[in-house]
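First the structure, in the form of structure tokens, and then the observations on it.
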Amino acid sequence: YTAAGSAHVPTPHVDVVDTVGAGDTLMGSALVWLTENALNTREALKSADADQLTELLEFATTAAAINCTRAGCNPPTRAEIDAALG
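In the numbering used here, the protein residues as written are 777 to 862.
Okay, structure coming up:
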């Protein structure tokens, strides 16, 4: 939720091997997305609309889901995230 909108995305379905590192991967990926989209300040983030929030959540949850398909904390590369998002 922001002042400009809100979003919800479904959880990606994967065959879970291990959940270690899923939260760290989600947060790290969210920070990457926010930085790449110039929403990495408090003021900028307040202006994020529903479409931007949806894209952020899809990116971060996809990265975390990929991590869960592997043993240990093994975050995906950017290429793997991009490929999964199609």
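Just so it is clear, CB atoms sit at the ideal spot from N, CA and C, and this is done for glycine as well.
A quick note: this is a predicted structure, and the numbers were derived from the prediction, not measured.
Please list, in chain order, all residues of the same chain as residue i whose beta carbon is under 6 Å from its beta carbon, the five residues on each side excluded.
i, result
"T801", "A839, A840, N843 and P851"
"A798", "A840, N843 and C844"
"N816", "L810"
"K822", "T778 and A779"
Excluding the 5 residues preceding and the 5 following residue i in the sequence, name in chain order all residues of the same chain whose CB lies nearer than 7 Å to its CB.
i, result
"A826", "G781, S782 and A783"
"V790", "A841, C844 and T845"
"E856", "I842"
Are residue i and residue j closer than 8 Å when you measure CB to CB?
i, j, result
"A847", "D794", "yes"
"L810", "L832", "yes"
"A806", "A814", "no"
Less than 8 Å between C-beta atoms, sequence neighbours within five positions excluded: which residues of the same chain meet that for residue i?
i, result
"C849", "V796, G797, D800, T801 and N843"
Under three-state DSSP, which class holds residue i?
i, result
"T817", "coil"
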